[in-house]
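Engineer:
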């Protein structure tokens with residue numbers, strides 16, 4: 007069977023040739039690891055994804071969870087997949103060995119995640135939310151909380167959720183109304199309603215650990231008065247096992263266009279006044295903790311979006327190679343029909359998908375490697391720089407992959423034509439599933455504000471400077487190779503445009519104020535996304551060009567493909583930033599000036 | 007209730023102020039009509055669409071037709087809607103009064119269609135396919151065929167289908183294998199299989215008239231040997247009523263991502279050797295007849311795509327006005343939450359939708375008015391010019407509306423955020439329904455080849471010259487108004503780019519051959535789409551600017567909105583053709599040069 011989740015040759019290229027992750031094994035935290043252990047983890051992920059996740063992807067879509075007797079029921083395959091994932095240790099992949107973890111680099115962990123997302127994004131959501139919840143407990147919980155909650159979250163007895171959104175507030179978290187009332191025993195009673203809580207109920211695990219944000223009575227209004235709580239579905243007995251039912255009620259399930267296998271829930275906390283919650287960390291710092299976790303979650307969304315794009319690409323590629331239809335332009339309607347991959351326009355659609363899918367994976371893995379660097383790079387300065395760059399890139403990772411992952415899925419449907427529009431092929435489901443990604447974990451509009459309003463200006467623009475320094479290195483390296491020198495020229499021109507735009511906007515913040523500048527934040531986000539992905543394509547092209555000399559047969563074709571995809575991205579997609587830059591530098595006010603009553 | 011299908015103020019603007027359709031009543035064919043009869047038709051369409059089509063749009067999606075005992079069963083609302091549509095005379099709207107028609111201009115007919123598409127595209131498909139089938143019979147049938155088949159198609163006793171696609175050939179119609187075997191009585195026996203036949207079976211009408219393309223035994227291979235046949239589900243008795251079952255079998259239903267209420271069928275013709283078919287027109291001219299009809303159908307697809315975008319826009323606008331969330335940038339997180347329409351980025355998404363939806367409707371109605379001109383404009387020269395321009399614009403109408411209608415629906419989801427992704431709101435269905443439009447009636451890739459390979463070069467580029475002449479008039483008029491003069495400048499620059507591109511490609515056809523040029527046909531299609539829609543926005547802006555002087559209250563806001571949407575389109579969307587033009591003029595070979603084995 008052809009690989010339909012990830013092209014493993016590409017994954018090896020990205021991890022070992024492009025990112026050089028083998029060097030991580032020199033770092034103290036990863037000395038027990040080697041290329042062999044990395045490969046073993048990836049192979050296990052591939053196998054479980056193919057055998058336990060992919061086969062019920064369509065079934066989960068067609069049999070979405072049902073609300074019965076106040077609880078959510080899922081198809082049994084979801085639980086089996088969960089169990090396989092947990093038993094293989096993936097819930098604890100990056101945790102310390104002493105906590106029962108594999109102590110894997112995040113880069114490898116995210117590559118493993120890629121397989122699960124590509125195979126079945128709905129079923130994969132349950133473990134990934136659990137990983138996020140466990141990260142919060144691990145990072146901010148007391149020793150007692152860690153001892154109590156972490157083991158069952160890491161071995162898969164319990165699952166986790168992120169309970170942020172409320173019906174009246176949506177993305178505006180500062181407006182949350184859920185209250186936390188202090189009790190004499192140090193715990194809290196939680197009262198409030200949450201909506202869109204993924205995995206908020208299910209029949210997969212013995213217990214569910216909701217990570218809930220709420221306002222302690224008397225806390226400041228807005229984002230400064232938000233605290234984080236552990237709120238379990240079942241409270242634990244003295245033996246640490248689920249005992250009494252906590253006062254968290256499933257009020258209903260939401261029915262989505264895609265991602266249907268994941269329950270999306272409306273939860274009521276404390277309808278009977280008996281919802282126990284346990285404060286995590288300090289009061290009023292909940293949002294900071296959540297954002298810490300959310301930044302990781304945003305990389306996770308990126309991986310999911312990119313890999314849905316990736317599997318769609320592989321499916322449409324397979325179809326295009328095998329579907330005879332029509333003839334070349336030059337054949338004038340005569341001779342046998344040819345596989346549609348021979349039509350230039352089909353190649354365009356495949357090449358764009360390749361650029362988005364492999365480019366998206368490169369972007370996510372690069373961000374993951376920065377995450378590893380923030381923790382293990384040699385020296386404080388290197389770690390700090392990695393953090394600045396990661397902060398800058400996070401909104402780009404989350405939004406670019408979501409936008410272009412969906413676009414890739416759109417093209418996959420188009421390659422299949424009428425077949426792609428039917429439910430006999432999986433590409434229409436990828437298209438529906440992926441459409442959530444520009445919305446959840448902060449809409450793309452919110453990412454745009456985060457990038458232009460915050461990350462570009464944070465610490466004197468340190469993240470942007472770090473990006474430019476690395477871009478310059480990439481240009482220098484690309485100039486050394488005949489095959490990539492023209493691309494280096496293209497990219498250098500784009501760099502000048504990006505710098506000029508950033509400087510102009512920086513000044514405009516002072517001269518015209520944030521409203522005028524931020525009105526076009528979405529345009530800036532796309533400009534930066536194209537620039538960053540072009541940079542990573544330039545790097546891929548350079549590595550491919552270097553390798554081409556000694557390559558043979560299949561590898562030659564692989565590297566040529568990398569070069570051609572880079573050419574596509576740098577010639578077809580990157581130059582569109584010229585137009586973006588003109589709108590931005592001109593502080594175009596078309597959208598800002600539009601009146602409500604003119605619509 | 008707010009208008010959720012079409013903004014009727016906009017429709018009046020487009021029909022009466024922009025296109026001046028009232029002038030049509032001066033033409034002989036339409037002398038019985040007046041603004042009042044036009045308005046009455048539009049009002050009837052609106053009412054039936056709102057009352058008989060819209061209410062079961064979701065139900066039809068959730069209860070797709072089922073295959074039972076060899077037949078397709080639909081929900082009963084479909085039949086009721088069909089009946090209301092037929093009883094109001096819309097099946098015969100543009101037909102001659104002597105055939106029982108209303109003799110309405112196509113422009114008004116297509117505007118009426120807009121309501122039905124916006125309300126329920128799946129249910130609307132049945133009558134629109136029937137209209138297309140009736141057009142074929144009317145245009146190419148013998149008197150006897152017209153007498154026999156037209157009345158029941160026009161009064162709704164029978165429905166019609168277009169049976170073109172075959173499983174092994176897809177879009178490559180020249181490869182069809184369905185055979186027609188001549189019989190002594192002048193009829194034919196049809197043998198073959200067709201796929202993706204919309205409305206190919208249903209329980210709505212007494213009979214179904216399939217317009218089937220097939221090859222008469224001994225006919226030339228390829229597109230030159232295709233003939234057109236009437237193949238009914240039931241053969242008619244001497245009294246003209248359905249009698250014996252014809253040998254057309256429903257082999258199965260296809261299950262689609264959207265457009266679910268329309269049956270999509272696999273049909274077998276002549277499994278028992280007893281499938282009777284009746285030749286329409288001359289042998290081997292079937293494809294020309296079909297294309298004649300298909301060109302009308304492509305305008306119809308455009309109306310559907312544009313109006314799905316339009317209704318999505320209205321829904322997201324309503325949501326944005328009423329959903330409080332977050333605060334203005336300048337409020338620094340304080341004060342009450344504001345409706346999200348106050349956020350610049352939400353206004354951007356609404357403005358883009360307005361530009362696509364109203365621009366798409368303008369494009370379709372313009373094409374429809376050209377259609378009227380081909381038949382009724384005073385003088386042969388005017389009719390011929392209208393035909394050239396319509397031929398040129400047809401692929402643009404079909405593909406631009408499909409592409410940007412889908413994009414509008416994508417933005418509608420994004421405006422609604424999490425709500426937009428749930429099936430509690432209609433926008434996700436619009437997004438799924440609309441995704442068929444870039445595929446059927448000739449994929450967008452095929453439209454691109456048609457435009458650049460055929461229509462641009464047809465009759466010495468007469469269509470393109472007609473377009474440029476009209477663009478020049480629009481520039482001149484826009485220059486007269488202060489509000490539109492800057493837009494005229496933008497558009498004039500774009501015109502230069504478009505002309506330069508066309509000339510360069512014309513030369514390249516000679517110097518480099520069709521393969522090199524047509525490889526980037528999709529880029530050319532988008533360039534032309536942006537240019538044509540910008541032209542229509544410039545015209546809308548000019549009419550709005552002229553009207554603003556004497557306008558009051560609500561009308562002032564309406565005209566300001568037109569001006570601002572035109573600014574959006576000409577500033578944000580049009581300039582992207584510079585990049586398109588560079589790729590095209592440089593004969594960029596990135597996609598053409600990509601090898602199959604490099605993927």
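Chains as they are written, first to last, in our numbering: chain A, 7 to 605; chain B, 7 to 605. Cβ coordinates follow ideal geometry from the N, Cα and C atoms, glycine included. Predicted model, so just to flag it, every value in this text is computed and none were measured.
1) Tell me whether residue 81 of chain A sits in a helix, a strand or coil according to DSSP, three-state version.
2) Would you mind telling me which residues of chain A sit closer than 8 Å to residue 563 of chain B, beta carbon to beta carbon, in chain order?
3) So what's residue 295 of chain A in DSSP terms, helix, strand or just coil?
4) For residue 146 of chain B, report the span of its beta strand (DSSP E) as first-last.
5) Pick helix, strand or coil for residue 338 of chain A, following the three-state DSSP scheme.
6) Output, in chain order, the set of chain A residues within a Cβ distance shorter than 8 Å of residue 581 of chain B.
7) Residue range of the alpha helix (DSSP H) that residue 573 of chain A falls in?
8) Using the beta-carbon count (16 or more within 10 Å), is residue 368 of chain A buried or exposed?
9) Going by DSSP, what residues sit across from residue 255 of chain A in a beta bridge?
10) Let's test the definition: count the other Cβ atoms within 10 Å of the Cβ of residue 72 of chain B and tell me whether it reaches 16, buried, or not, exposed.
11) Give the residues of chain B in contact with residue 360 of chain A, contact being defined as C-beta atoms less than 8 Å apart.
12) Measuring only between beta-carbons, confirm whether residue 291 of chain B sits less than 9 Å from chain A.
13) Would you mind working out which of B:322, B:283, B:247 and B:40 sits nearest residue 10 of chain B, comparing C-alpha positions?
14) Residues in its own chain within less than 8 Å of residue 77 of chain B by CB, not counting five upstream and five downstream?
15) For residue 261 of chain B, which residues in chain A fall below 8 Å Cβ to Cβ?
16) Am I right that residue 398 of chain A and residue 470 of chain A are in contact with their C-beta atoms under 8 Å? What's the rounded C-beta distance?
17) Which residues in the same chain have their Cβ closer than 7 Å to the Cβ of residue 529 of chain B, if we skip the five residues on either side of it in sequence?
18) Opposite residue 166 of chain A in the DSSP bridges: which residues?
19) For residue 182 of chain A, does the three-state DSSP call read helix, strand or coil?
20) Keeping to the same chain, check which residues put their C-beta closer than 6 Å to that of residue 304 of chain B; ignore five residues upstream and five downstream.
21) Would a C-beta distance cut-off of 9 Å place residue 14 of chain B and residue 41 of chain B closer than the cut-off?
22) With respect to the beta strand (DSSP E) encompassing residue 285 of chain B, which residues constitute its N-terminal and C-terminal limits?
23) CA-CA distance, residue 171 of chain B and residue 331 of chain A?
24) Identify whether residue 304 of chain A lies in helix, strand or coil by the three-state DSSP scheme.
25) Extract the residue ranges of the alpha helix (DSSP H) inside the segment 410-492 of chain B, only unbroken runs of 4 or more that lie entirely within it.
26) Which one or two residues does DSSP pair with residue 199 of chain B in a beta bridge?
27) Along the chain, where does the alpha helix (DSSP H) containing residue 588 of chain B start, and where does it finish?
28) Answer with yes or no whether the minimum CB distance from residue 511 of chain A to chain B is below 9 Å.
29) I want to see whether chain A comes within less than 9 Å of residue 202 of chain B, judged by CB atoms only; does it?
30) What residues from chain A crowd round residue 331 of chain B, counting only those whose CB sits closer than 9 Å?
31) Could you tell me whether the Cβ of residue 465 of chain A comes closer than 9 Å to any Cβ of chain B?
32) Which residues, in chain order, does the segment 101-128 of chain A contribute to contact with chain B at a C-beta distance below 8 Å?
33) If we count Cβ pairs, one from each stretch, closer than 8 Å, do we get three or more for the segment 263-272 of chain B versus the segment 198-206 of chain B?
34) Assuming residue 329 of chain A is part of the beta strand (DSSP E), what are its boundary residues?
35) Apart from the five residues on each side of it in sequence, which residues of its chain come closer than 8 Å, Cβ to Cβ, to residue 521 of chain B?
36) Establish whether the CB of residue 558 of chain A and some CB of chain B are separated by less than 9 Å.
Structural biologist: Quick look at the numbers:
1) In this structure, DSSP gives residue 81 of chain A a state outside helix and strand, which the three-state scheme calls coil.
2) 601, 603 and 604
3) In the structure shown, residue 295 of chain A sits in a helix (DSSP, three-state: H, G or I).
4) Going by DSSP, residue 146 of chain B is part of no beta strand (DSSP E) but of the alpha helix (DSSP H) stretching over 127-146.
5) coil
6) 585 and 588
7) 559-574
8) buried
9) Its beta-bridge partners are A:274.
10) exposed
11) 605
12) Proximity of residue 291 of chain B to chain A, defined by a Cβ-Cβ separation below 9 Å, is not satisfied.
13) Distances from the CA of residue 10 of chain B to each of B:322, B:283, B:247 and B:40 were compared; the closest alpha carbon is that of B:322.
14) For residue 77 of chain B, same chain residues with a beta-carbon under 8 Å away, outside a window of 5 residues either side, are 207, 209 and 256 in chain order.
15) What residue 261 of chain B touches in chain A: 428, 429 and 430.
16) 6 Å
17) If we look at residue 529 of chain B and ignore the five residues flanking it on each side, its Cβ neighbours are 586, 589 and 590.
18) A:215
19) The answer is coil: DSSP assigns residue 182 of chain A none of H, G, I, E or B.
20) 400, 404 and 447
21) Cβ distance not < 9 Å, so residue 14 of chain B and residue 41 of chain B don't count as in contact.
22) 282-286
23) 12 Å
24) Residue state, collapsed to three classes: helix.
25) Taken in chain order, the complete alpha helix (DSSP H) segments of 4 residues or longer contained in the segment 410-492 of chain B are 424-427, 433-440, 450-455 and 468-485.
26) B:274
27) Taken as a continuous stretch (DSSP letters only), the alpha helix (DSSP H) holding residue 588 of chain B covers 583-591.
28) no
29) yes
30) Within chain A, the residues whose beta carbon sits less than 9 Å from that of residue 331 of chain B are 174, 175, 176, 177, 178 and 181, listed in sequence order.
31) no
32) none
33) yes
34) Premise fails: residue 329 of chain A is in no beta strand (DSSP E) and is neither H nor E.
35) If we look at residue 521 of chain B and ignore the five residues flanking it on each side, its Cβ neighbours are 598.
36) no
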